[in-house]
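**Student:** I am attaching a structure below and will ask some questions about it afterwards.
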Amino acid sequence: GLGLDRMAAIVQDVPSVFDTDHMRPLIDLGEELSGRSYGADFQTTRAMRILADHGRGMTFLIADGVVPSNEDRGYVLRRIMRRAIQQGRRLGIEGPFLPALCERVSEVAGDAYPELRTELETIVGWAAAEEEGFARTLAQGERLLADLVRRTKDAGSSWVEPDEAFRLHDTYGFPYELTKELLAEEGLAVDDGGFDELMDRAREVARGGWSRSGGSGHERVIAFARAAGFESRFVGYETTEAQTVIGAIERDDGLLLAKLPESPFYAEGGGQVSDLGRVESESGSARVASVYRVGSDQALALELEQGELEPGEPAHAVVDRLARLATERNHTATHLLHAALRERLGTHVRQAGSYVGPDKLRFDFTHGERLSDADVAAVEERVCQWIVESHPVRAVETTRAEAEALGAMALFGEKYGDWVRMVEVEGVSRELCGGTHVPATAAIGLFHLTTETSSASNVRRIEAVTGPAGIEAFRARTEELREIAGILRVPEREAVGAVRKLADRARELARRPSGSSREEAEGLAARAVDVAGLKVVAEVVEAPGAGELLELSDRVKQTLGDAVVVLGCAVEGRAHLVANVSPAAVERGVKAGEIVRAAAKVVGGGGGGRDTMAQAGGRDPDKLPEAIASARLIVEGALT
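If you read the sequence shown in our numbering, its first letter stands for residue 1327, the second for the next number, and so on.
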């Protein structure tokens, strides 16, 4: 149990690890910022120690590529940072202070850990952003807590229900300790036992989800692989075919689990999906449905297609070459994308997850804001430039220390041994990677970035396609452009301008009432029928949507004064209905909600609203005349 901190405390002959030369400067900063003295009392000492410990931890985590989020390691970092902020508040520190804390850690430990200096701008940026975001969380929580205090006092109680405090914590991220502190100031309290019980339940749900995500199926695969008594040797870097034997096999839930002494099939890992292919022997053949990774070993899930596969018999294992090539294109393109993003956006960009399959690539990366159109275009252009330049792609096995010295990037959270596999795109990037790749970037052929979205807090997601899939994406876009140009009756090169003019015209029409709309309202008003002293309009009209239909009914009613207006229209295969009834008509028993509900049944839909105005929709616009006729009968029945 003698770690670096304890050893330093012994060697330096100080009373605690917080008095060592690498922790005391952080304590000193806490004193400078708060104006309070370390050791003055238990609460102050405790708060400053937490501040120092958490400040160091969060600085190293961000330097390693972790960013605050609501998932996995990002959630751990967020909790550490927010606890540090809470302790700063307890010490009376006003204003942002996390950036200064990170800078002090970098000063103290930067010689031994150079990344703390090279990544300092990124570290300080994330610290400032999280502190600012948590300030908003605290402000919102304090407003919600004030409302809770008011309701509790109005009820004549001095106890706040545990589920209310838990909701503040779980839904809004408001610290429970701060909730208790603020409640105490108001003479209120909350049951700790009840809150702890709710927390335990939440943890059980989380553990259950974690257990389900692992699944008992993989445990069976692990047991099968271990019972086989040998480890499969992956030969898929060198070849996509192998003459081997069926080393072990057993049935599992409709599939066959199998192990081969030599396997050309890549096992899913590092974001890359497993290979597809076939295993054939004299007695039968099977399709490879999946390849499970079991540490450095693997096991195949097979779907039997013909005959049987027998243990010990010779077999021919063949990888689906087209799928492998497509996956290789996408995997190398992922490395290029990562490099282009870091070049364009900054070195704070780190991989936060990925999917590499034959169909597409998906890349999650740390970044706090949406990429601009210019960023997207620049990143795509840079990747395409590297493809055209045909950079050689090499994979070498080396020591981890040597790979790090060469600047190879490691995926945070992955476990690496002393020996690692480094994939180098010459002149572009070096990454620790066990996946399969093309021999040169030119083999990717084409790269097209299809979407850029948010994946999680402070994590963006890019999807892209390469090779034939990229060509198909461009073909589909070209066909869409050709179709749009045909509809607008302009050359393809003028389609964007024509659409822009059309959109401008639509916005202009939306801003002001059209003359034709006024004329239509006047025409409907002129055709109104007098029923027992009230003007009634019930017709099927043409309108671009439900909103315009309601606006038209308003104009007709304004023109007529005391009136009942029921209109219907068909839009894109749907029926829309609106009833607009004056207060005088409501007093005589005509209610808009009753009218549209009855009419909506005729067109196979439903709706409702107030007595004076109601709307409805239906799936059968052909029956609109029948629906309007039934509405007219209801109005007449109410008035006569």
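All residues carry an ideal CB built from backbone N, CA and C; glycine is no exception.
#1: Which residue comes first and which comes last in the alpha helix (DSSP H) that contains L1508?
#2: Could you check how far apart the C-beta atoms of S1783 and P1394 are, in whole angstroms? I think they sit under 8 Å.
#3: Straight-line CA distance for Q1598 to G1683?
#4: Am I right that G1915 and R1923 are in contact with their C-beta atoms under 8 Å? What's the rounded C-beta distance?
#5: Once the 5 residues before and after K1585 are set aside, which same chain residues still bring their CB inside 6 Å of it?
#6: DSSP three-state call for Y1618: helix, strand or coil?
#7: Could you work out which residue in V1571, P1440, M1384 and G1596 is closest to H1763 when comparing CA atoms only?
#8: Taking all protein chains shown into account, decide if G1535 is buried (16 or more other Cβ within 10 angstroms of its Cβ) or exposed.
#9: Can you list, in chain order, the stretches of the beta strand (DSSP E) that have 3 or more residues and sit fully within the stretch 1562-1631?
#10: Assuming contact is defined by CB atoms lying nearer than 8 Å, are T1792 and L1814 in contact in what I supplied?
#11: Per the contact definition of three or more C-beta pairs closer than 8 Å, is the stretch 1344-1360 in contact with the stretch 1384-1394?
#12: Runs of 4 residues minimum, wholly inside the stretch 1788-1823: which ones carry the alpha helix (DSSP H) assignment?
#13: With H, G and I counted as helix, E and B as strand and the rest as coil, what does DSSP make of L1514?
#14: Could you spell out the range, first to last residue, of the alpha helix (DSSP H) harbouring N1906?
#15: Helix, strand or coil: how does DSSP classify Q1941 here?
#16: For V1892, which beta-bridge partners are listed by DSSP?
#17: Output the boundary residues of the alpha helix (DSSP H) element that contains E1752.
#18: Under 7 Å Cβ to Cβ from P1590, same chain only, skipping five residues before and after it: list those, please.
#19: Leaving out five residues before and five after T1966 in sequence, what residues of the same chain have Cβ atoms less than 6 Å from its Cβ?
#20: What's the gap between the Cα of F1344 and the Cα of H1380?
#21: Can you check whether the CB of R1900 is closer than 8 Å to the CB of R1310?
#22: Since E1629 and L1581 should fall inside the 8 Å C-beta cutoff, what is the C-beta to C-beta distance between them, to a whole number of angstroms?
#23: Would you mind stating whether L1950 and G1894 have Cβ atoms separated by less than 8 Å?
#24: Can you list, in chain order, the residues of its chain with a C-beta nearer than 7 Å to that of R1668? Leave out the 5 residues immediately preceding and following it.
#25: In three-state terms, what does DSSP make of F1556?
#26: Which term fits V1862, buried or exposed, when burial requires 16 or more other beta carbons within 10 angstroms of its beta carbon?
#27: Taking three-plus beta-carbon pairs below 8 Å as touching, is the stretch 1744-1761 in contact with the stretch 1656-1666?
#28: Which residues share a DSSP beta bridge with A1721?
#29: Is it buried or exposed, I1984, if we count other Cβ atoms within 10 angstroms and call 16 or more buried?
#30: What do you get for K1741, buried or exposed, if any count of 16 or more other CB atoms within 10 angstroms of its CB means buried?
#31: Tell me whether W1712 is buried or exposed, calling it buried when 16 or more other Cβ atoms sit within 10 Å of its Cβ.
#32: Ordered along the chain, which non-local residues of its own chain (more than five positions away) have a Cβ less than 7 Å from that of E1397?
#33: Should the stretch 1459-1466 be called in touch with the stretch 1430-1448, which here means at least 3 C-beta pairs below 8 Å?
#34: Counting only runs of 4+ residues fully inside the stretch 1353-1396, write out the alpha helix (DSSP H) ranges in chain order.
#35: Taking the beta strand (DSSP E) that Q1711 falls in, what are its first and last residues?
**Tutor:** Judging by the given coordinates:
#1: For L1508, the enclosing alpha helix (DSSP H) covers residues Y1502 to E1511.
#2: Yes, S1783 and P1394 are in contact; Cβ-Cβ is about 7 Å, under 8 Å.
#3: 6 Å
#4: Rounded to whole angstroms, the Cβ separation of G1915 and R1923 is 15 Å, and the two are not in contact under 8 Å.
#5: Close CB contacts of K1585 within its chain, under the 6 Å cut and outside five residues either way in sequence, are with A1554, S1558, G1573, A1574 and A1625 (chain order).
#6: strand
#7: G1596
#8: In this predicted model, G1535 has a pLDDT of only 44, less than 50, meaning its place in the structure is not dependable enough to derive any value.
#9: 1567-1571, 1574-1578, 1581-1585, 1603-1606 and 1610-1620
#10: Not closer than 8 Å, so no.
#11: no
#12: 1793-1814
#13: coil
#14: Taken as a continuous stretch (DSSP letters only), N1906 belongs to no alpha helix (DSSP H), being part of the beta strand (DSSP E) at R1900 to V1907.
#15: In the three-state reduction of the DSSP assignment, Q1941 falls in the strand class, which pools E and B.
#16: A1864 and A1905
#17: Segment: none, E1752 is in no alpha helix (DSSP H) and carries neither H nor E.
#18: V1561, G1562, T1565, T1566, E1567, A1568, A1643 and V1645.
#19: A1858
#20: Answer to the nearest angstrom: the Cα atoms are 12 Å apart.
#21: The structure shown does not extend to residue 1310, since the chain is modelled only from 1327 to 1966, so the question has no answer here.
#22: 6 Å
#23: yes
#24: V1675
#25: coil
#26: buried
#27: Result yes; three or more Cβ-Cβ pairs closer than 8 Å.
#28: V1749
#29: One cannot answer for residue 1984 here, as it falls past the ends of the chain, which runs 1327 to 1966.
#30: exposed
#31: Classification for W1712: buried.
#32: A1782
#33: no
#34: 1368-1389
#35: It is not in any beta strand (DSSP E) - Q1711 instead sits in the alpha helix (DSSP H) that spans D1699 to V1714.
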